[in-house]
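A.B. asks:
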Amino acid sequence: MKICVLMKQVPDNDSAIILSNDSSSIKLNDITWCTNESDTYALEEALLMKEAHGGEVVACSFGRESSQQVIKDALAKGADRGLYISEEESDGFDILSTAKIFTQALKDENFDLIFSGLQSNDSGNAQLGLLLAEMLNMSHAALVMGTEVLNDTRIKVKQELEGGWFQWTELDLPASITIQSGLNKPRYASLRGIMMMKKKPIDIFDSSQIDSTGSKNKIFLDKMYIPQKVKETTFIEGTPDEIASKLGDLMINDIKVF
Amino acid sequence: MKLLGLDYTDISHAFSEEELMVQKTVREFVDSELAPVIDDHFREGSFPFDFVKKFGELGLLGINLPTEYGCAGMSNLAYGLVCQELERCDSGIRSFVSVQGSLVMYPIFAFGSDDQKNKYLPALASGEMIGCFGLTEPDYGSNPSGMITRATKTTGGYLLNGAKMWITNGSIAHLAVVWAKTEDGKIHGFLVDTASEGFSAPMMKNKWSLRASITSELIFNQVFVPEENMLPSVSGLKGPLSCLNQARYGIGWGTLGAAMAMYETALNYAKTRIQFDRPIAGFQLTQEKLVWMLTEITKAQLLALQVGKNKDSGTLRHQQVSMLKRNNTWVARECAKLAREILGANGISGEYPIMRHLMNIESVYTYEGTHDMHTLIMGEDITGTSAIR
Ligand SMILES: Cc1cc2nc3c(=O)[nH]c(=O)nc-3n(C[C@H](O)[C@H](O)[C@H](O)COP(=O)(O)OP(=O)(O)OC[C@H]3O[C@@H](n4cnc5c(N)ncnc54)[C@H](O)[C@@H]3O)c2cc1C
Chain A
0 MKICVLMKQV
10 PDNDSAIILS
20 NDSSSIKLND
30 ITWCTNESDT
40 YALEEALLMK
50 EAHGGEVVAC
60 SFGRESSQQV
70 IKDALAKGAD
80 RGLYISEEES
90 DGFDILSTAK
100 IFTQALKDEN
110 FDLIFSGLQS
120 NDSGNAQLGL
130 LLAEMLNMSH
140 AALVMGTEVL
150 NDTRIKVKQE
160 LEGGWFQWTE
170 LDLPASITIQ
180 SGLNKPRYAS
190 LRGIMMMKKK
200 PIDIFDSSQI
210 DSTGSKNKIF
220 LDKMYIPQKV
230 KETTFIEGTP
240 DEIASKLGDL
250 MINDIKVF
Chain B
0 MKLLGLDYTD
10 ISHAFSEEEL
20 MVQKTVREFV
30 DSELAPVIDD
40 HFREGSFPFD
50 FVKKFGELGL
60 LGINLPTEYG
70 CAGMSNLAYG
80 LVCQELERCD
90 SGIRSFVSVQ
100 GSLVMYPIFA
110 FGSDDQKNKY
120 LPALASGEMI
130 GCFGLTEPDY
140 GSNPSGMITR
150 ATKTTGGYLL
160 NGAKMWITNG
170 SIAHLAVVWA
180 KTEDGKIHGF
190 LVDTASEGFS
200 APMMKNKWSL
210 RASITSELIF
220 NQVFVPEENM
230 LPSVSGLKGP
240 LSCLNQARYG
250 IGWGTLGAAM
260 AMYETALNYA
270 KTRIQFDRPI
280 AGFQLTQEKL
290 VWMLTEITKA
300 QLLALQVGKN
310 KDSGTLRHQQ
320 VSMLKRNNTW
330 VARECAKLAR
340 EILGANGISG
350 EYPIMRHLMN
360 IESVYTYEGT
370 HDMHTLIMGE
380 DITGTSAIR
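Chains A and B, in that order, are what the protein sequence lines are.
Heads up: the first sequence at position 139 corresponds to 138 in numbering that gives the first Met the number 0, and the numbers run straight through without jumps.
Heads up: the second sequence at position 66 corresponds to 65 in numbering that gives the first Met the number 0, and the numbers run straight through without jumps.
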């Protein structure tokens, strides 16, 4: 199996987000970066698959210079090589343009599988895996919670449906699938893995050299804002039974905690 | 990439990319796997045994020893950062790794035969085998040269008699590196299989410090040790002392980690605890304590960095390690008291890690050469006069 894992560098959840003066972007200086959460599960699934069936795992990232760290982390965990598409302004690409860049960079590699995280924690499009399937003529499954290789040309995936339901689907290879967090336990980079990392190749593409004809943005960012926290206190009155039922209603329909 | 955590003087550039990645991976591992269980282990006085194999898989055992024995072959700065991250969680965890790597694997690597290295190092590196280091005796602590444990020659090997005390990992070890005197009065190292007849290692109970680490007595009653299990290339106190020097180096970094954990806890607490209508962090007396901690920790960090660089370049003198162990453990000990004060009553609560660190540091202050013994080592170095000999 030749597997490509798409991995994005995103701001760490604990990072303080500060907007630029014109509210068109976030200030990058104070951000601590990390690998997008579901991408780490995608990598683990790819590594497990390689360990069970042999093959190669390639970690691929598109973004500013610091994004290479995501690839290096993946190499330290066991990926075989990296593919880095450099683009300092990657935030300015909408998801369709991003998919076109990836298509150009990946098309000659003939991957059996392209894994990506379900969605990125920053822009949350959840479309890249699907778009790549279309552009590279691969089968597709989203929200994958489990994988099983059937043979060299077919795999079976467990997909999450609504309401706690799951479905097993068979796909022809090549396939692009998006991975849901939680399906495995991502490994830590071992010290030996970190020492090996330096010896593994990272191929670097400059996104400006990629023929991205037609990769003009169709989506434009208007402005960003940080949601104001408003504290609202609601008193629920009535008999204990009434209170319990109103509270249940509130939690299910308004706050949506269940 | 940047150094994670406290770095007031911007020293990330002093570390290689690999070293920073090592810190990151160990921090992630510690925060998500060990931190959630450490309080329970400390309270119950148990060692998190299931972690030994994980330490092995990560490569934390014998970090700075060569890859041919299954070790990571990393720099001493990487080893330092690992100790810092482990002790940021708990000194007992760092103690385990120090003993295994510096006190058990190192002497086998430095003084062992090829057979000994090939037999033991890979198993110790993977965590399949646990080791302990027996030097201290009930009557000989700071003055180990007076040790009573004897190795008497017999056909095919030696018979060991005597007792060791305060031995980390003793009761859970498969292999004990034991220092004993042969008939000529010279100290030698022996690799003792803990399943040998006549060997026992009762656990020492009733400790109020390093509770998440096992400490034991080692009792030798006519224990037969085959000839080939004596460490061939060293005799005299130099053997155990050179191991201690490896471990002390790690302790210098480790205690830095404990101090950082306490400083960060105290700082966060001070920013959110409101008294007299404002955060206590806004009071000058609190700021003075926080600034003292930050400054001393930063100085300790710079010392650790320089000593690490010396160790990596091969120019290290053992007196510098004494300064590192002595200073950084003292800083952590002082930080424990200040952090405890800043947290008020919460400072004594198990909801915060301060009291656990505070109790742990008391052991670290004493083991691997007490604070005062390191004063005497440095004192001799600068005056040319030994206070003990
Ligand atoms: C939790 C724990 C784990 C340990 N693990 C190990 C282990 O794995 N292996 C091992 O071999 N040992 C281990 N030790 C033992 C440790 O190394 C000794 O406790 C230490 O060397 C001090 O010896 P002592 O306790 O006998 O104190 P003593 O030597 O009796 O010292 C008592 C006090 O007298 C002071 N003192 C002694 N001599 C002088 C002097 N000449 N001048 C001025 N002051 C002096 C000391 O500084 C100290 O303050 C461990 C100890 C603890 C607490």
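C-beta: ideal position from N, C-alpha, C; glycine also.
Remember, predicted model here, so these are calculated numbers, not experimental data.
Could you check whether I2/A and L112/A sit closer than 8 Å to each other, using their CB atoms as the reference points?
C.D. replies: yes
A.B. asks: Along the chain, which unbroken stretches of the alpha helix (DSSP H) at least 4 residues long are found entirely within the stretch 106-146 of chain B?
C.D. replies: Scanning the stretch 106-146 of chain B for uninterrupted alpha helix (DSSP H) segments of 4 residues or longer gives 113-125, listed from N- to C-terminal end.
A.B. asks: Spell out whether any CB of chain B is found under 8 Å from the CB atom of A41/A.
C.D. replies: no
A.B. asks: Rounded to whole angstroms, how far is the Cβ of F61/A from the Cβ of I100/A, which I believe are closer than 8 Å?
C.D. replies: Right, the Cβ-Cβ distance comes to about 6 Å (below 8 Å), so this counts as a contact.
A.B. asks: Along the stretch 184-216 of chain A, where does the CB come closer than 9 Å to a CB of chain B? Name the residues.
C.D. replies: R186, Y187, A188, S189, L190, R191, G192, I193, M194, M196 and K197
A.B. asks: What residue does the beta strand (DSSP E) around N220/B start on, and which one ends it?
C.D. replies: T214 to P225
A.B. asks: CA-CA distance, G100/B and G55/B?
C.D. replies: 11 Å
A.B. asks: Quick one: complete beta strand (DSSP E) runs, 3+ long, within the stretch 82-141 of chain A?
C.D. replies: 112-116
A.B. asks: Return the CA-CA distance between V229/A and C88/B, expressed in angstroms with no decimal places.
C.D. replies: Cα-Cα distance, rounded: 36 Å.
A.B. asks: Taking the alpha-carbon positions, what's the A15/A to F48/B distance?
C.D. replies: 37 Å
A.B. asks: Take C33/A and list the residues in its own chain whose beta-carbon comes closer than 7 Å to its own, dropping the five residues that flank it on each side.
C.D. replies: V9 and D11
A.B. asks: With distances taken Cα to Cα, identify the nearest neighbour of F50/B among L301/B, Y105/B, F28/B and G281/B.
C.D. replies: F28/B
A.B. asks: So, for E226/B: in the same chain, excluding its five sequence neighbours on each side, which residues have a beta-carbon less than 7 Å away from its beta-carbon?
C.D. replies: Answer for E226/B: G155 and G156, listed in chain order.
A.B. asks: Below 9 Å between beta carbons is the criterion; list the residues of the stretch 52-66 of chain B that meet it against any residue of chain A, in chain order.
C.D. replies: K53, E56, L57, G58, L59, I62 and T66
A.B. asks: Taking only beta-carbon positions, decide if G72/B is within less than 8 Å of chain A.
C.D. replies: yes
A.B. asks: Under 8 Å: do the stretch 32-43 of chain B and the stretch 193-212 of chain A share three or more Cβ pairs, one atom per stretch?
C.D. replies: no
A.B. asks: Tell me, which residues are paired with T146/A by DSSP?
C.D. replies: V156/A
A.B. asks: Which word fits F234/A, buried or exposed, when buried means at least 16 other C-beta atoms lie within 10 angstroms of its C-beta?
C.D. replies: exposed
A.B. asks: Use the C-beta contact count for A386/B: other C-beta atoms within 10 angstroms, 16 or more gives buried, fewer gives exposed.
C.D. replies: exposed
A.B. asks: Checking the sheet assignment: what are the DSSP bridge partners for N160/B?
C.D. replies: R149/B and N220/B
A.B. asks: Where does P239/A fall in DSSP's three states?
C.D. replies: helix
A.B. asks: Specify whether the stretch 70-77 of chain B and the stretch 296-314 of chain B touch according to this definition: at least 3 beta carbon pairs, one from each stretch, less than 8 Å apart.
C.D. replies: Taking one beta carbon from each stretch, the stretch 70-77 of chain B and the stretch 296-314 of chain B have 3 or more pairs nearer than 8 Å; the two touch.
A.B. asks: Along chain B, which residues have their Cβ under 7 Å away from the Cβ of A141/A?
C.D. replies: None at all; the shortest Cβ gap to chain B is about 27 Å.
A.B. asks: Below 7 Å, is the gap between the Cβ of S141/B and the nearest heavy atom of ligand 1?
C.D. replies: Checking the Cβ of S141/B against ligand 1 gives yes.
A.B. asks: By the criterion of Cβ-Cβ separation under 8 Å, what are the contact partners of A75/A in chain B?
C.D. replies: Result: M20 and T24.
A.B. asks: Mind listing the chain B neighbours of Q68/A? Cutoff is C-beta to C-beta under 7 Å, in chain order.
C.D. replies: Listed along chain B are M0, each with a C-beta nearer than 7 Å to that of Q68/A.
A.B. asks: Taking only the alpha-carbon atoms, compute the straight-line gap between S215/B and N345/B and give it to the nearest angstrom.
C.D. replies: 32 Å
A.B. asks: Does the beta carbon of T193/B fall short of 7 Å from some heavy atom of ligand 1?
C.D. replies: No.
A.B. asks: Is the stretch 257-266 of chain B touching the stretch 320-333 of chain B in the sense that three or more CB pairs, one from each, lie closer than 8 Å?
C.D. replies: yes
A.B. asks: From T8/B to E295/B, what does the alpha carbon distance come to, in whole angstroms?
C.D. replies: 12 Å
A.B. asks: Quick one: measure Cβ to Cβ for V57/A and A75/A, integer angstroms, because I've assumed they're closer than 8 Å.
C.D. replies: Their Cβ separation, rounded to whole angstroms, is 15 Å, which puts V57/A and A75/A out of contact at 8 Å.
A.B. asks: Looking only at its own chain, which residues have a Cβ that is under 8 Å from the Cβ of D72/A, when we skip the five neighbours before and after it?
C.D. replies: Cβ neighbours of D72/A beyond the five flanking positions: T34 and A188.
A.B. asks: Please check the pair V363/B and G251/B, which I expect to be a contact at CB under 8 Å, by giving their CB distance rounded to whole angstroms.
C.D. replies: About 10 Å separates the two Cβ atoms, so there is no contact after all.
A.B. asks: Which stretch, first to last residue, makes up the alpha helix (DSSP H) that contains L42/A?
C.D. replies: Secondary structure note for L42/A: its alpha helix (DSSP H) is the uninterrupted segment E36 to H52.
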